Amino acid sequence: MVETADLLVVGGGIIGCAVAWQCAQRLPPSTRIVLLDRGPIAGATSGSCMGHLMVTPDDAQEYAFTHQSLQLWRELQDQEGGFDYNPTGALYLADDPADIELFAVLRQQFVQNGDTADILDQQQLRALEPGLAHDLPGALFYPGDGVVLPMLACGAMLRAAQRHNPNVQVRPFTEVTGMLRRGDTLYGVRTKDGELHAANVVVASGVWSPELSDLAGQQRVPIYPRAGNLAITGHHATPIRTQLLEISYIRFAHGTVKVDPTRTDDAGGHAVNMQPQTNGGCLIGSTRQFCGMDRTLNKELLHRSLLRAQRYAPGLADAPIVRTWVGLRPYSLDKHPLIGPWPRLRGLWYATGHEGLGISLAPITGRLVAQQLAGVPTTIDATPYLPARFLR
Amino acid sequence: MNDPRIVTADVGVVGAGPAGMAAAASLARGGLSVAVLDEGPAAGGQIFRQLPNGASAAVIAEPPSHHHGHALLQQFGGSNVQHLRGAVVWDARPGRLWFEHDGQSKLLRCQRIVLAPGAYDRCVPFPGWTLPGVVTAGALQVMVRGFGIVPGKRAVVAGSGPLLLPTVTALLSAGVQVVAACEASSRWRALRALPGVFGNGARFREALWYGKQLLRAGVRLRWGWTIVGCDGDGRVQRATIAKVDGEGRPRPGTEQHFDVDVVGAGFGLVPSIELGLVLGCAARHDAARGGHVLTVDAEQRTSVAGVFAAGEIAGIGGAEVATAEGELAAAAVLHELRGAVIPPALRVKARRERRAADAMLRAFAPLPGLATLAKPDTIVCRCEDVPLARAQQAAALHGGSLRAIKVGCRAGMGPCQARICGPSLQALACGTPGQPMDLPVAQVPVKVVRSETIRAAPAD
Amino acid sequence: MNDGSSRLPGTAQRPPVAFTFAGQRVEARQGDSLAMALWAAGIADVRRSSRDGAPRGVLCNMGICYDCLVQVDGVTLRSCMVVVQDGMRVERGGKP
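Chains as they are written, first to last, in numbering that gives the first Met the number 0: chain A, 0 to 391; chain U, 0 to 459; chain F, 0 to 95.
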């Protein structure tokens, strides 16, 4: 069977759903959009991750990228809702004296971008979060961050997409088994149902994106799985109302430490990230380890994660744990996502490689793709994210 | 050194119900050291619940088969085993069982594992089932036999399968007026169970006993009826029953209403295979045997070397099957560790009991029409308060698998770890044509435990 | 409704225990679970649903369903799995 559409999105995680949403909103409503996933929508990384809406003020570009994306998240909440959106802000904590000086550094970064963040002393911290350890010296509170439930957000984005554009089709359990090429043009994909032709195919397949590069006969995009172990408590067991991050998270997750994602002996590391849930539970993370596609629980890292979470919130020791699991973040070799066309194959686009900022950056990613497809200027400079930078 | 958190034994037995007790007693008799890990405060499992502190029970009538239970309890109580009460097993690998006990994180190191954790009630959602006072058949057994509490004054009992009768008789012996006792299966479908009943002396006597109890109380079992709704102010006050067709779908216009203060729902049992899955044991779907069961060979070995399974987790079968399989598993362990010969009589007995149980249960395999009892606003996931309509929307958008429904609406992600909602979500997922039965995901912790228990887990 | 008729004869010959539930004193017997002591006292709604405040209570009575959650001295626990201790302060489970 041969079907025809205008745009195919391969991957039903948060990025794919955001691409579908933004394209449905910004391209003509007659545009036939088909989103495909080989499993359930939100069934892979987006169903196994934390839901941090994070502003990173490292530089003006990063700030604009994340800040604008969070504004789009608020739009989705207003338009659609239904994904446990919670504007908690973020509380940066430290217990190593060497890290406390980072509060002022981070605060300055926010200020430089025209934003605000407050340094709290011990008293103010205890007033804000009485469930935290009493010996913490203070914290940095940034009000702009928030928490969502990514798996529900995927559904919200698709519902919004289908409202904007009745020609949006969602096909879970439909694996792309081949990419159809004619010379240097991609004209569609093959699935178990036959051929699906379209002028543009956006690969939003997270850690599986390199496999799609293979199917397209192209150089593999340099994306590597970076595993994260998580635990979630039962209801009414959260010691916190805001979201917590150890300030060392910034160094660890997005930082300057050189990592080699291809090594097989990565012991991995951890920095506290805790998120309150709507049902009164608490999501506890965040570990990172390069170990291929292995989703076996790393007990050592998980135990360290729980220990450190308990250091900041001592009451957590008694919290009931309902589930532990592993998710795979798509880590890009230069730490920036790939958003845009692949120059060697007309019709092939990428929207992938967001590592731990996938949830935060999903809406802006979708917007950039929609603007690139429409050939209009992008809201922010998308040059740093063009896949072409990896061309050999 | 003597770290109180490390327990060592030749064999670790999970569960102190009939299968666990029989296995442990046999193993101890054979000269092996045994540690039994059980969540309850006393041995007996759910079927042989005892009153607290051994307080005597004057008027709780017991069917004939329960004298086996007393014998087993005595045997187990007198055997040389380490019985750890209130132990919650949360992780395992062959030869290792991690458990929470007395507020500590502990590890059992052993040579062999015998899994006998039993089963839990299969829940079928219906309008009003979340009202206080609506409980499972198992809950009523615990209430009456385990605590001597009178459940209420007037009850409706509905469900399907052999457990319905013990639920009704427990209520009757507690002085509760059972205004309606509803078996969803038709009389004709239940007749298929007859060979299993008549072919077995003990089961026949049991059936007669139940029949006599109901006759004496003037309670008529309604065949082909089920509960279709409950309502009340703050707790259940009214129950509505209706006739159902051969598939279990309610027939409109047949509704009858009753004033009640307690409702018992017993739609069969679901094997507790979760720990087996974490151990890597193979499982298969067997609808008549309660759903997903662990696959075992003729001597109760699972697919994982060193791990044995007996009783309900190999398929719902009742106390006689559990006892026979527990003894057989013990014999197989003794053969492996001591070179003892496995008495052929044990194999024969286990097979015979299993066949008889299977014959009975085939007449009561879950009726698909019961999945239609839930209305769009009926809660199907009680932990996360997800109504049926949202679960259906999740299936429609995210895909028709259990995982798809979970990520689409969070049903199944609460602290019950999808034990309560799993069967009904499974039915919803498999309503999608071409969708195979999803095996539940094996995850740790197998049961909810404290964060510190996981964090401080003793090393291998 | 804590008269003797809520217990079977011969099952209550255990030392008395008392606790408070939502500020009210409840009499029980040693060895009772909180859920069963409350049931015997006529209290079946032991928590409120966080979503809509609906009254909820025991379903399985054996620690599986997590529907019977209460707060014991501030900690959320399954009332069917907690043995009553003298002087316990118990509140309904769920968001206050």
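All C-beta atoms, glycine included, are put in the ideal place defined by N, C-alpha and C. As the structure is a prediction and not an experimental result, all values here were calculated from the model.
Reduced DSSP secondary structure (H/G/I, E/B, other) of residue i
{"i": "P386/A", "result": "helix"}
{"i": "V82/F", "result": "strand"}
{"i": "M0/F", "result": "Residue confidence is low: M0/F scores 41 on pLDDT, short of 50, so the model does not pin down where it sits. No coordinate-derived value is stated."}
{"i": "D459/U", "result": "coil"}
{"i": "C415/U", "result": "coil"}
{"i": "H284/U", "result": "strand"}
{"i": "Q442/U", "result": "coil"}
{"i": "E90/F", "result": "strand"}
{"i": "H66/U", "result": "helix"}
{"i": "I378/U", "result": "strand"}
{"i": "V149/U", "result": "coil"}
{"i": "E74/A", "result": "helix"}
{"i": "V88/U", "result": "strand"}
{"i": "T301/U", "result": "coil"}
{"i": "Y311/A", "result": "helix"}
{"i": "V259/U", "result": "coil"}
{"i": "L35/A", "result": "strand"}
Cβ neighbours of residue i in the same chain (closer than 6 Å, five flanking residues each side left out)
{"i": "C122/U", "result": "I419"}
{"i": "G68/U", "result": "F47"}
{"i": "A316/A", "result": "Q309"}
{"i": "K105/U", "result": "R4 and F98"}
{"i": "Q21/A", "result": "G365, R366 and A369"}
{"i": "R170/A", "result": "L35"}
Neighbouring residues, chain F, relative to residue i (Cβ below 9 Å)
{"i": "G130/A", "result": "The contacting residues do not exist; G130/A stays about 12 Å from chain F at best."}
Proximity to residue i [Cα-Cα], best of the options
{"i": "P54/F", "options": "R234/U, G325/U and R409/U", "result": "R234/U"}
{"i": "R200/U", "options": "A138/U, L396/U, S64/U and A118/U", "result": "First, the amino acid is wrong: residue 200/U is Gly here, not Arg. Of the listed residues, the one whose Cα sits closest to G200/U is S64/U."}
{"i": "D357/U", "options": "L193/U, Y119/U and A183/U", "result": "L193/U"}
{"i": "L424/U", "options": "A441/U, M412/U, Q442/U and L401/U", "result": "L401/U"}
{"i": "P444/U", "options": "A456/U, V292/U and L396/U", "result": "A456/U"}
{"i": "I5/U", "options": "A15/U, L71/U, L72/U and R108/U", "result": "R108/U"}
{"i": "G182/A", "options": "E210/A, Q217/A, T176/A and L195/A", "result": "Q217/A"}
{"i": "R454/U", "options": "L229/A, A103/A and A203/A", "result": "L229/A"}
{"i": "K191/A", "options": "L185/A, G137/A, M178/A and A203/A", "result": "M178/A"}
{"i": "A157/U", "options": "F146/U, G265/U and A91/U", "result": "G265/U"}
{"i": "G14/U", "options": "E61/U, P116/U and Q81/U", "result": "P116/U"}
{"i": "N278/A", "options": "L327/A, G374/A, Y84/A and H235/A", "result": "H235/A"}
CB contact check: residue i to chain C, cutoff 7 Å
{"i": "F289/A", "result": "The structure shown contains no chain C; its protein chains are A, U and F."}
Proximal chain F residues relative to residue i, where beta-carbon distance stays under 8 Å
{"i": "M142/U", "result": "M35, W38 and N60"}
Residue i: contacting residues in chain U (beta-carbon distance under 9 Å)
{"i": "T323/A", "result": "Q442, V443, P444 and I453"}
{"i": "D44/F", "result": "L130, P131, G132, G233 and R234"}
{"i": "Q29/F", "result": "P51 and N52"}
Close Cβ partners of residue i (< 7 Å) along its chain, the five nearest in sequence each way excluded
{"i": "E246/U", "result": "L366, P367 and G368"}
{"i": "E245/A", "result": "L92, A93, A270 and V271"}
{"i": "D459/U", "result": "R95"}
{"i": "A238/U", "result": "V155, I226, C229, F257, V259 and V262"}
Chain-ordered neighbours of residue i on chain F, where CB pairs are closer than 7 Å
{"i": "A89/A", "result": "Ordered by position in chain F, no residue passes the 7 Å Cβ test against A89/A, which lies about 23 Å from the chain."}
{"i": "L50/U", "result": "T10"}
{"i": "C415/U", "result": "I63, C64 and Y65"}
{"i": "T135/U", "result": "L58 and C59"}
Under 9 Å by beta carbon: chain A residues contacting residue i
{"i": "S49/F", "result": "H234, H235, T277, N278 and G279"}
{"i": "G93/F", "result": "H234, H235 and G279"}
{"i": "S400/U", "result": "G38, P39, G42, P171 and F172"}
{"i": "G407/U", "result": "P39, I40, A41, M150, L151, C153 and G154"}
Interface residues of chain U facing residue i [CB-CB closer than 8 Å]
{"i": "S4/F", "result": "V149"}
Other residues of its chain near residue i: CB distance less than 8 Å, five sequence neighbours each side excluded
{"i": "P386/U", "result": "P375, D376, T377, I378 and V379"}
{"i": "A154/U", "result": "L170, V175, Q176, V177, V178, V259, D260, V261, V262 and G263"}
{"i": "R345/A", "result": "D183, T184 and L185"}
Chain A contact residues for residue i, given Cβ-Cβ distances below 8 Å
{"i": "V74/F", "result": "D317"}
Partner residues on chain A for residue i, Cβ-Cβ distance less than 7 Å
{"i": "G56/F", "result": "The contacting residues do not exist; G56/F stays about 16 Å from chain A at best."}
Proximal residues of chain U, C-beta to C-beta of residue i below 7 Å
{"i": "L306/A", "result": "R454"}
{"i": "M273/A", "result": "The premise fails here: M273/A is roughly 12 Å from chain U at the closest Cβ pair, so nothing lies under 7 Å."}
In chain order, which beta strand (DSSP E) runs of at least 3 residues are fully inside the region 99–134 of chain U? Complete beta strand (DSSP E) runs here, min 3: 103–108, 111–114 and 118–120.
What residue ranges within the region 198–228 of chain A form continuous alpha helix (DSSP H) runs of no fewer than 4 residues, ordered along the chain? Residue ranges of uninterrupted alpha helix (DSSP H) with 4 or more members, entirely inside the region 198–228 of chain A and ordered along the chain, are 208–214.
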